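Residue numbers for the sequence shown follow my numbering, beginning at 300 and rising by one.
Note sheet for the following structure.
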Amino acid sequence: MTRRLMWVTLAAGMFVQSLFAFTGGGTIPLTIASVALLAATGVLHAWATRGPKFASVLLAAAAIGFFAEVVGVATSFPFGQYIYTPSLGFSLFEVPLIVPLAWVTIAYPAVIIARRLVGTAPGVLRRIARVAVAAWALTAWDVFLDPQMVDSGHWGWKHPDPGIPGVDGIPLTNFLGWYLVSLIICGLIDAVAARSKRIEGAPGDAVPFTVYLWTYATCVVGNLTFFERPSVALVGGIIMGAIAVPLVVVLLRDWRARRSADDLVTTGGRSGDAPR
């Protein structure tokens, strides 16, 4: 049931996001629905692959994201001075409750991708590398997210400069803060994943991979076309592409390897020269 449901929530989330193109960036109900559906997709996949205890770590990740936002709004640390408008629905301590779910939406795929790219062998250096890559994958998404949300009037920055060239209106401190918080969130998820045994016969990781690659593709295309922010498409495409492109390469390599193995089985191992 969980396996089927995660594909349903994924498809529904993708469909809702596709409607953004016809609403100028999405209405509030569409924004909230897409975040909730994709966050639920991550929880369902975590449950299906490693059980409910592992899935519960995503709730802890959301709590960390919420705490970071509360501190950020109150003190300007670590993101810079910003404020949320009432447009994102019910808030607690001046932070919309949909915001911590947004952290989880990409944090979980980011960790799963980092574990695929860096590997899961034990070792302190490898774990540090995994968390660093996952934090980059999560922070890179905000290069697209923040300009869209600011343009839509969901939050605003008091001191938007200096920023990343090509990404106007968003201070560099925001991305530094995102990376810091992402290190904590992704470090937690990765640590629990390392101690959680994968369920026998569990599904693969196509769902979180799809979430990340879909997000990457729609952000690039959306900024190039509907939102008319070509510089954001370029900069974000490069920064988030540093994760998305290697992932595609690895997935294609693995697919070709499986195809070759299947061909060998089909032909009974007779292909070209005999093994030496």
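Built from N, CA and C at the ideal position, the CB exists for glycine as well.
Computed from a predicted model, the values in this text were never measured in an experiment.
Just the C-alpha distance for residue i and residue j, rounded to the nearest angstrom, thanks.
i, j, result
"Gly379", "Ser317", "31 Å"
"Trp513", "Met313", "8 Å"
"Ala354", "Ile488", "9 Å"
"Val564", "Arg349", "31 Å"
"Phe319", "Ser451", "12 Å"
"Ala373", "Ser390", "14 Å"
"Thr509", "Val369", "31 Å"
"Ala413", "Gly503", "15 Å"
"Leu336", "Leu400", "10 Å"
"Arg425", "Ala501", "25 Å"
"Met539", "Val356", "25 Å"
"Glu527", "Ala420", "43 Å"
"Val315", "Thr517", "12 Å"
"Pro351", "Asp562", "38 Å"
"Ile382", "Trp456", "7 Å"
"Val549", "Asn522", "26 Å"
"Gln447", "Trp554", "35 Å"
"Thr566", "Ile427", "43 Å"
"Gly418", "Ser495", "16 Å"
"Ala490", "Leu551", "28 Å"
"Asp467", "Val307", "36 Å"
"Ser559", "Phe525", "41 Å"
"Ala359", "Phe392", "18 Å"
"Ile498", "Ala492", "12 Å"
"Asp460", "Ala332", "32 Å"
"Asp445", "Val432", "20 Å"
"Ile363", "Gly371", "12 Å"
Less than 8 Å between the C-beta atoms of residue i and residue j, yes or no?
i, j, result
"Val410", "Ala361", "no"
"Ile484", "Trp440", "no"
"Val531", "Phe443", "yes"
"Trp435", "Thr384", "no"
"Ile327", "Leu416", "no"
"Leu304", "Leu343", "yes"
"Gly486", "Val430", "yes"
Can you tell me which residues form a DSSP beta bridge with residue i?
i, result
"Pro470", "Gly462"
"Leu391", "Val394"
"Trp456", "Tyr381"
Within its chain, find whatever has a CB closer than 8 Å to the CB of residue i; leave out the 5 residues flanking it on each side and keep chain order.
i, result
"Val547", "Leu512"
"Leu309", "Leu336, Leu337, Thr340, Val506, Thr509 and Val510"
"Pro529", "Asn522 and Leu523"
"Ser375", "Tyr381"
Rounded to the nearest angstrom, how far is the Cβ of residue i from that of residue j, given a contact under 8 Å?
i, j, result
"Val480", "Pro377", "7 Å"
"Thr340", "Leu329", "Actually they do not touch by this definition, with Cβ atoms about 16 Å apart."
"Gly465", "Val534", "4 Å"
"Val394", "Phe365", "6 Å"
If you drop the 5 nearest sequence neighbours on each side, which residues of the same chain put their C-beta closer than 7 Å to that of residue i?
i, result
"Ala543", "Tyr511, Leu512 and Tyr515"
"Tyr478", "Ala434 and Thr438"
"Arg557", "none"
"His458", "Gly379, Gln380 and Pro470"
"Pro545", "Leu416"
Go through its chain and collect everything with a Cβ distance to residue i's Cβ below 6 Å, but skip five positions before and after it.
i, result
"Trp346", "Thr301 and Ala354"
"Val519", "Ala532 and Gly536"
"Gly462", "Ile469, Pro470 and Leu471"
"Asp572", "At Asp572, the pLDDT of 48 sits below 50, so the modelled position is not reliable; the number obtained from the coordinates is stated separately. None."
"Ala311", "Leu336"
"Val398", "Glu368"
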